[in-house]
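Residue numbers (the working numbering): 49 to 242.
The block underneath contains the structure these notes are about, expressed in structure tokens.
Here is the structure:
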């Protein structure tokens, strides 16, 4: 999650590395409000798959039971999807992945991570704050992105601006989507950095 990491670098730079002089933050398609990104995307299958990856990793890292998201079999399915599936861009997913995502979509219908403790707290704590970090921002987003919601990114930018941050926004106009966001905005980003 390079865009997410870039925003967090900007947020934590002064306390983590006060000897360095951060002069700006550039992020391509950054996940910002994690709950909104998991619940607000336009593709229900991608939302289910991202929820499985997120829930699996957070359950492992923070020691949270997946039973808070449903039955034991739902937790087992989340673990299988989160552990055993690599996404190869442009390739068809395995049949087991397709079936697992379809089942998980049904099982997670009505489940809102933003209302269930401790998930909502972890998501909030891992979402970068939309505040002025004291340096300018460059944020690039493709309106065709189905992994990071363009609407959520634009809302984050509006909040940054309201909080006094200087933001340059690049609307990526390409046939690509999330996987190509960094490459599609690289030329403008390098000019901005320069």
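Note that CB positions come from ideal geometry on N, CA and C, so glycine has one too.
How is the beta strand (DSSP E) around residue i delimited, first residue to last?
| i | result |
| --- | --- |
| residue 155 | Element bounds for residue 155: not the beta strand (DSSP E) but the alpha helix (DSSP H), 143-155. |
| residue 215 | 215-220 |
Please say whether residue j and residue i have beta carbons closer to each other than 8 Å?
| i | j | result |
| --- | --- | --- |
| residue 218 | residue 188 | yes |
| residue 204 | residue 57 | no |
| residue 129 | residue 100 | yes |
| residue 122 | residue 155 | yes |
| residue 118 | residue 159 | yes |
| residue 190 | residue 222 | yes |
| residue 225 | residue 76 | no |
| residue 74 | residue 186 | yes |
| residue 214 | residue 166 | no |
| residue 86 | residue 98 | yes |
Can you name the residues that DSSP bridges to residue i?
| i | result |
| --- | --- |
| residue 59 | In the DSSP output, where bridge partners are listed per residue, residue 59 has none listed. |
| residue 74 | 186 |
Would you mind reading off the limits of the alpha helix (DSSP H) that contains residue i?
| i | result |
| --- | --- |
| residue 171 | 167-173 |
| residue 83 | 82-88 |
| residue 132 | 120-132 |
| residue 99 | 92-110 |
| residue 200 | 198-210 |
| residue 241 | 229-241 |
Pull up the CB-CB distance for residue i and residue j, whole angstroms please, since I reckon it's below 8 Å.
| i | j | result |
| --- | --- | --- |
| residue 103 | residue 126 | 5 Å |
| residue 171 | residue 182 | Incorrect: roughly 25 Å between the Cβ atoms, too far for contact. |
| residue 142 | residue 96 | Actually they do not touch by this definition, with Cβ atoms about 15 Å apart. |
| residue 72 | residue 241 | 7 Å |
| residue 197 | residue 88 | 5 Å |
* Taking 8 Å as the threshold, find out whether the region 74-94 comes into contact with the region 110-117 through three or more Cβ pairs. => No: fewer than three Cβ pairs fall under 8 Å.
* Kindly confirm or deny that the region 166-180 and the region 196-214 touch, where touching means at least three C-beta pairs closer than 8 Å. => The answer is yes - the region 196-214 touches the region 166-180, with three or more Cβ pairs under 8 Å.
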